[in-house]
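Chains as they are written, first to last, in my numbering: chain A, 1 to 585; chain B, 586 to 713.
Just so you know, even glycine gets a beta-carbon here, dropped at the ideal spot from N, CA and C.
Worksheet: one structure, shown below.
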């Protein structure tokens, strides 16, 4: 149960180097698989999520923009329709007054009874008229019909009167006037037969006008009202009604057509404002029709859309993240396993090679020991002969000489055995001061006989200035032995092997092992350090020697390189630090 | 019986020659192939030659060929420091007798008697 859970988790959280892999660390291709894993995830996530984020933001902006445009258009349309209705409202009444003034004429209209008759008929036709009056050119009211007794009043200073003189007709702003009730004055100018003009004036209740506009209110978030040029409310407004009756919307300059714009109300809420100046064909008015729409009311569509976009984004991000993590984990797991297998193989191969080289060494040593042993054998045999064959063994000086000879041969065996032991010592990385000259001499010692038999000239040049280097004795010995072995296998009998050392700066020693053997071809020189690469016949070489040497030099924090020319020979160069570096733990 | 002994280990050669002399052999020890060739060129003749296989300069196998040219009747015994020396196997078309070091002196003496006796060396022996 626990194991299956662990395996399932392995798909998401890969296994990395553990403490028990520590001995394999030098053989891993990737130093830190965890870091590789993180990097793969970050890179993949970035490449996958960035376009998604970009698309989502663009989509947001597009939707918002189109919603803004749509709401502006709608508001504009609404304002346009409302304007037509309001304009028509005033035009109808102005037309009726104009008709009455021209048709009936000043003489009849200035008779109060007749004027009252006209007012009654107009009320039947349109409704919403409070009173009707005729004003002479001097501004004095000459006739009045209506509920208030305003006869004889002088209107010559009233703004509507002055406007009427200028334009033949006028529509006043909403005002309270003498009656203390909001009303609008509409008036038309007409001429008498004697050339003087008179003005027919009617007072309109605002109630009708408000009803006309409220027919266009399409919902609770819409406000339609009239303001004058200064922005003062002329009809009631849902949002701006208050003591001041002043809207705070900044209107642009006078505009013939309907316009809409985005703005914000007092509390900062976004609104759409549509506006249009009211102009009748008889005269301009000071009214501006305004449609204010709370954007919040139209936001529902946007909010729904945004929720959908958000869901899409979150779901995509989750799927992408899951796929990225699963893929990365899977790949890094595979890479890690392959890498660990490789490291295992390398570690095992090094061990095998160590065993093999120890075996080789043992055989060499056995051969070396054989000669002194043969000598012991003969000397001891001779001593025995002296005892058994010759009678006069007492006081024989030769006897002592032979016994010395035996002891001498035994001493030679002891030296070789000691060398064998120092060679076979287990190869943990233990830094100690090593005399390179002595070590090379030790290694060469094992090959002296072979060099003599094969007429190979050994030339060693290690100057005394080379300091003792802090390194692992066993590993360095194996590196040198492997390289010398390699050179011995590469050269023909009678060739030259040159080993020299020199300082490279103050902190590094360069050891070069040069032979004038067959050399390595250019295509093979790339591969000499690859594991299992060999040019020897099958069964004669494992192809691991140089690869292991390479690993060992790396363990010693050094470098190894090779230069070669076919037919001219090969040089291996090992660079080692003089002072041991601490293992990066 | 006259025996030529060639081995680069001088002490070994001397010791072995002394032991053989104690047993009635007439031994000429040499310490290199070149020295042995010189001895034969000067006219000395032997019944058998005991050669170390691995020697600096002229090795045992090469020396055998050169000595045979000088004295076709010479018989050979080889000595080897290796337990199994592939030099012996390589020359298996020619009759090669290889004895391992350290030596059993009796084995060497038996071998010498055998090879010299087979090829009529016993006649020379009788003359002595």
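Legend entry - Residues sharing a beta bridge with residue 660/B, DSSP: 633/B
Legend entry - Cross-strand partners of residue 500/A (DSSP beta bridge): 461/A and 512/A
Inset, instruction - Check the DSSP bridge columns for residue 261/A and list the partner residues they point to. - result: 273/A
Inset, instruction - Look up residue 189/A in the DSSP assignment and say whether it is helix, strand or coil. - result: strand
Inset, instruction - Tell whether a beta-carbon distance below 8 Å holds between residue 122/A and residue 115/A. - result: no
Inset, instruction - Please classify residue 426/A: does DSSP put it in a helix, a strand, or coil? - result: For residue 426/A, the pLDDT reaches just 44, beneath the cut-off of 50, and the residue's location in the model is therefore unreliable, leaving the point undetermined.
Legend entry - Strand pairing of residue 564/A, partner residues [DSSP]: 570/A
Inset, instruction - Determine which residues of the stretch 373 to 389 of chain A have a Cβ less than 7 Å from any Cβ of chain B, and write them out in chain order. - result: 373, 374, 375, 377, 378, 379, 381, 382, 385 and 389
Inset, instruction - Please confirm whether residue 512/A and residue 572/A have their CB atoms less than 8 Å apart. - result: yes
Legend entry - Beta-carbon contacts of residue 493/A that lie in its chain and below 6 Å, excluding the five residues immediately before and after: 454 and 455
Inset, instruction - Please compile the residues from chain B whose C-beta is within a distance smaller than 9 Å of the C-beta of residue 393/A. - result: Neighbours of residue 393/A on chain B: none; closest Cβ ~13 Å, over 9 Å.
Inset, instruction - Kindly indicate which three-state DSSP category residue 654/B falls into: helix, strand or coil? - result: helix
Inset, instruction - With 8 Å as the threshold, decide whether the Cβ of residue 579/A is near any Cβ in chain B. - result: no
Inset, instruction - Take the Cβ of residue 649/B as the centre, count every other Cβ of all protein chains shown within 10 Å, and call the residue buried at 16 or more, exposed below. - result: buried
Legend entry - Short CB-CB distance (under 8 Å) between residue 370/A and chain B: yes
Legend entry - Proximal chain A residues relative to residue 604/B, where beta-carbon distance stays under 8 Å: 378, 381, 382 and 385
Inset, instruction - Please compile the residues from chain A whose C-beta is within a distance smaller than 7 Å of the C-beta of residue 641/B. - result: 452 and 453
Legend entry - Buried versus exposed, by CB contacts within 10 Å (16 or more), residue 42/A: exposed
Inset, instruction - Report, in whole angstroms, the separation of the C-beta atoms of residue 373/A and residue 687/B, which I expect to be a contact under 8 Å. - result: 5 Å
Legend entry - Unbroken alpha helix (DSSP H) run spanning residue 133/A, endpoints: No alpha helix (DSSP H) contains residue 133/A, which is instead part of the beta strand (DSSP E) from 129 to 135.
Legend entry - 9 Å Cβ cut-off: residues of chain A touching residue 586/B: By Cβ distance, chain A contributes nothing, its closest Cβ being about 18 Å from residue 586/B, past 9 Å.
Inset, instruction - Pull up the CB-CB distance for residue 109/A and residue 204/A, whole angstroms please, since I reckon it's below 8 Å. - result: Their Cβ separation, rounded to whole angstroms, is 18 Å, which puts residue 109/A and residue 204/A out of contact at 8 Å.
Inset, instruction - Using only alpha-carbon positions, find the residue among 143/A, 209/A and 282/A that is nearest to residue 182/A. - result: 209/A
Inset, instruction - Would you kindly work out how many angstroms separate the C-alpha atoms of residue 325/A and residue 318/A, rounded to a whole number? - result: 10 Å
Inset, instruction - Identify whether residue 671/B lies in helix, strand or coil by the three-state DSSP scheme. - result: For residue 671/B, the pLDDT reaches just 48, beneath the cut-off of 50, and the residue's location in the model is therefore unreliable, although a value from the coordinates is still provided. Of the three classes helix, strand and coil, the one that applies to residue 671/B here is helix, per DSSP.
Legend entry - Extent of the continuous beta strand (DSSP E) to which residue 205/A belongs: 197 to 205
Inset, instruction - Put residue 491/A into one of helix, strand or coil per three-state DSSP. - result: coil
Inset, instruction - Quick one: using the 10 Å Cβ neighbour count with 16 as the cut-off for buried, is residue 315/A buried or exposed? - result: exposed
Inset, instruction - Give the interface partners of residue 666/B over in chain A, defined as CB-CB distance under 8 Å, in chain order. - result: 367, 370, 371 and 374
Legend entry - Where the stretch 680 to 697 of chain B meets chain A: residues whose CB sits under 7 Å from a CB there: 686, 687, 688 and 690
Inset, instruction - Leaving aside the five residues before and after residue 525/A along the sequence, list all residues of the same chain whose C-beta is less than 7 Å from its C-beta, in chain order. - result: 562 and 564
Inset, instruction - Would you tell me roughly how many angstroms separate the C-alpha atoms of residue 396/A and residue 435/A, rounded to the nearest one? - result: 47 Å
Inset, instruction - Could you give the DSSP three-state label for residue 213/A: helix, strand or coil? - result: helix
Inset, instruction - Report yes or no: is there a C-beta of chain B within less than 8 Å of the C-beta of residue 328/A? - result: no
Inset, instruction - Counting only the same chain and skipping the five closest in sequence on each side, list residues whose C-beta sits under 7 Å from that of residue 675/B. - result: Note on residue 675/B: pLDDT 48, under 50, position unreliable in the model; the coordinate value appears next. For residue 675/B, where only same-chain residues beyond five positions count, there are no Cβ hits under 7 Å.
Legend entry - Same chain only: Cβ atoms within 7 Å of residue 552/A, ignoring 5 sequence neighbours per side: 475, 478 and 479
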